[in-house]
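Following my numbering, the numbering of the sequence shown begins with 851 at its first residue and continues without gaps. Built from N, CA and C at the ideal position, the CB exists for glycine as well. Notes to accompany the following structure.
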Amino acid sequence: MAYRVILVEGNQQMLERLSGVIRSAREFELAARYQRAGDALGQGSVFKPDIVLVDIDSNDNVSLLEDFVATFSAASVFCLSDKWTPSDSEVIAKAGARGFLIKPFTADELQEAVATFAKTGISAGAEVFSFFSSKGKSGKTTLISNLGFSLAQKTGQQVGIIDADVQFGDMAVFLNVAPKTTILEAARDINFLSPVTLNGYFAPVDDNLRVLCGTSRPEYAEQIGIKNFTEIIAMARSMFRYILIDLPQGFNPISIAAAEASDVTYHTAMINGGFEIQHMQRALEIFKAWPDYENRVKTIFTRVSPCDKEERHKLSQALGYPVAAIIPNEYMLVSAAANNGQMAMRVEPDSMFAQTVNRLADDIIGKTHIRWGNP
Ligand SMILES: Nc1ncnc2c1ncn2[C@@H]1O[C@H](COP(=O)(O)OP(=O)(O)OP(=O)(O)O)[C@@H](O)[C@H]1O
Ligand SMILES: [Mg+2]
851 MAYRVILVEG NQQMLERLSG VIRSAREFEL AARYQRAGDA LGQGSVFKPD IVLVDIDSND
911 NVSLLEDFVA TFSAASVFCL SDKWTPSDSE VIAKAGARGF LIKPFTADEL QEAVATFAKT
971 GISAGAEVFS FFSSKGKSGK TTLISNLGFS LAQKTGQQVG IIDADVQFGD MAVFLNVAPK
1031 TTILEAARDI NFLSPVTLNG YFAPVDDNLR VLCGTSRPEY AEQIGIKNFT EIIAMARSMF
1091 RYILIDLPQG FNPISIAAAE ASDVTYHTAM INGGFEIQHM QRALEIFKAW PDYENRVKTI
1151 FTRVSPCDKE ERHKLSQALG YPVAAIIPNE YMLVSAAANN GQMAMRVEPD SMFAQTVNRL
1211 ADDIIGKTHI RWGNP
């Protein structure tokens, strides 16, 4: 059965153009169209629409969004605008609109938008977590891939992973996906994208889990501009509930920009009998430049043995900073899973590794379960 659409567009020419697109789209039917929002609100209900498209560039249509959502309570309200801005997405999500489309849109984009936003609607803003390491081999790619899986499963909400380890990112291998597009194309195109079209640059991994993979060649990394990179994060905030970012090791323009754009940066280090505590201390000194670093910088140790409360306490003491999570030494499990393109969480859901990752996911969900009014 076709979706019944009501179109509200102030500009006559655009109204004609978009009407044509809707009529040509498979599985969509233009039930009614209006230039004035007031007319649509007064007369539209009789058409029993499934989707109401409201141009928010005209007049004060944004302030009428709540009325649209209430009047067409059986329908999904989508906003139309010339350009996407982060502040728009927050306002329209709060008003109860489900999604957003840049106009003029194509039939494919309309179909994509409905599919993208059908499940969860536009997000009013994700929680963004980046994973930093002073040195390489911290266990963070293993952790992020499994944590993403856990968050998606536990919450049923959209989770996005961004592989910003731009030169040697290997998230695609860990997640066993062959991406058609990567962070390179997303950064190149970002000024022309909206949350719907950016979504297509992420490869699907699992129910509610998608990944934007790293570049396919190290030399491409330098083509990723910092401004465009941070715009990817800003736009992704309206697509996902949780975003996990894998960073290149050490302080560099990408890792600094991502940490700045994140709600929380997890400094991850693997216990190796080396100098991981000292390296983490030195990095923490840099993060202390943020006045609110105690809330924004957390620490995780991987490959911890024994992986218990006492060991965590010992590590906190040695570090002189709280340790947010410890992940056990489970080399056989995680390496075999990664080699087979599987997630350790799924291969052995009762393992200690899975339990600690699930606990970290619970911490994240617990702290952020109130969607509105969070700072
Ligand atoms: N909890 C763990 N216990 C034991 N070994 C682990 C654990 N987590 C990861 N490893 C192993 O450590 C190695 C590095 O892991 P991973 O690639 O996740 O780290 P990384 O910090 O992303 O490394 P890179 O700097 O290469 O990006 C891998 O061989 C992985 O199998
Ligand atoms: Mg890695």
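{"Query": "For review: beta carbons within less than 7 Å of any heavy atom in ligand 1", "Result": "Ser-983, Gly-986, Lys-987, Ser-988, Gly-989, Lys-990, Thr-991, Thr-992, Leu-993, Asp-1015, Phe-1018, Asp-1020, Asp-1096, Gln-1099, Thr-1118, Met-1120, Thr-1152, Arg-1153, Ile-1177, Pro-1178, Asn-1179, Glu-1180, Tyr-1181, Val-1184, Ser-1185, Ala-1188, Phe-1203"}
{"Query": "Beta-carbon separation (whole angstroms), Asn-1041 vs Met-1195, contact threshold 8 Å", "Result": "Not confirmed; about 37 Å, so no contact."}
{"Query": "Minimum C-alpha distance to Arg-876 - residue among Ala-852, Thr-935, Leu-891", "Result": "Ala-852"}
{"Query": "Asp-1212 burial status per 10 Å Cβ neighbour count (16 or more: buried)", "Result": "exposed"}
{"Query": "Residue from Arg-1162, Gln-961, Ile-1095, Ser-895 with nearest C-alpha to Ala-976", "Result": "Ile-1095"}
{"Query": "Pair within 9 Å by beta-carbon distance, Gln-1099 and Thr-1065", "Result": "no"}
{"Query": "Where Leu-880 falls: helix, strand or coil (DSSP)", "Result": "strand"}
{"Query": "Beta-carbon contacts of Thr-840 that lie in its chain and below 6 Å, excluding the five residues immediately before and after", "Result": "For residue 840 there is no data in the structure shown, the boundaries of the chain being 851 and 1225."}
{"Query": "Beta strand (DSSP E) runs contained entirely in the segment 1175-1201, provided each spans 3 or more residues", "Result": "1175-1178"}
{"Query": "Inter-residue CB distance, Met-1021 and Leu-1048 (contact presumed, cutoff 8 Å)", "Result": "At roughly 17 Å, the Cβ-Cβ gap does not stay under 8 Å, so Met-1021 and Leu-1048 are not in contact."}
{"Query": "Short Cβ contact (9 Å threshold) for Val-1009 with Arg-1091", "Result": "yes"}
{"Query": "Buried or exposed by the 16-neighbour rule on C-beta atoms within 10 Å, applied to Asn-1189", "Result": "exposed"}
{"Query": "Top-ranked residue by Cα proximity to Ala-947, from Ala-957, Gly-894, Thr-956, Ala-925", "Result": "Ala-925"}
{"Query": "Contact belief for Phe-928 with Ile-906 at Cβ below 8 Å, rounded distance in angstroms", "Result": "About 10 Å; that fails the 8 Å criterion."}
{"Query": "Neighbour-count burial assignment, Tyr-1171, 16 or more Cβ in a 10 Å radius", "Result": "buried"}
{"Query": "C-beta contact flag for Ile-1127 and Thr-1152 at 9 Å", "Result": "no"}
{"Query": "Given 8 Å, three or more beta-carbon pairs between the segment 1022-1032 and the segment 1099-1113", "Result": "no"}
{"Query": "Alpha-carbon to alpha-carbon, Met-1202 and Arg-867", "Result": "57 Å"}
{"Query": "Identity of the residues DSSP links to Ile-856 by a beta bridge", "Result": "Ala-882, Val-902"}
{"Query": "Tyr-1116, DSSP secondary structure in three states", "Result": "strand"}
{"Query": "Where Ser-874 falls, given that 16 or more other Cβ within 10 Å makes a residue buried", "Result": "exposed"}
{"Query": "Pair within 9 Å by beta-carbon distance, Ile-1082 and Leu-1097", "Result": "no"}
{"Query": "Pairwise C-alpha distance: Phe-878 and Thr-956", "Result": "12 Å"}
{"Query": "6 Å Cβ shell around Ile-872 - same chain, five flanking residues per side excluded", "Result": "Val-855, Phe-878, Leu-880"}
{"Query": "Beta-carbon spacing of Pro-954, Met-1085 below 9 Å", "Result": "no"}
{"Query": "Where Ala-1037 falls: helix, strand or coil (DSSP)", "Result": "helix"}
{"Query": "Spatial neighbours of Ser-869 in its chain, beta-carbon cut-off 8 Å, leaving aside the 5 residues before and after", "Result": "Leu-857, Leu-880, Arg-883"}
{"Query": "Phe-979 versus Ser-913: straight-line alpha-carbon distance, rounded", "Result": "32 Å"}
{"Query": "Distance between Asp-1013 and Ala-1111 (C-alpha atoms, nearest Å)", "Result": "15 Å"}
{"Query": "Beta-carbon proximity list for His-1219, same chain, < 7 Å, skipping 5 on both sides", "Result": "In this prediction, His-1219 scores a pLDDT of 43, lower than 50, which makes its location untrustworthy; the coordinate-derived value is nonetheless stated afterwards. Closer than 7 Å at Cβ, skipping near neighbours: no residue."}
{"Query": "Rounded straight-line distance, which links the Cα of Gly-949 to that of Arg-1209", "Result": "32 Å"}
{"Query": "CB of Ile-1011 within 9 Å of CB of Ile-1093, strictly", "Result": "yes"}
{"Query": "As assigned by DSSP and simplified to three states, the class of Arg-1146", "Result": "helix"}
{"Query": "Length at least 4, wholly inside the segment 1049-1097: the alpha helix (DSSP H) runs in chain order", "Result": "1076-1086"}
{"Query": "Proximity test, Lys-990 beta-carbon vs ligand 4 heavy atom, cut-off 8 Å", "Result": "The model depicted lacks ligand 4 and carries ligand 1 and ligand 2 instead."}
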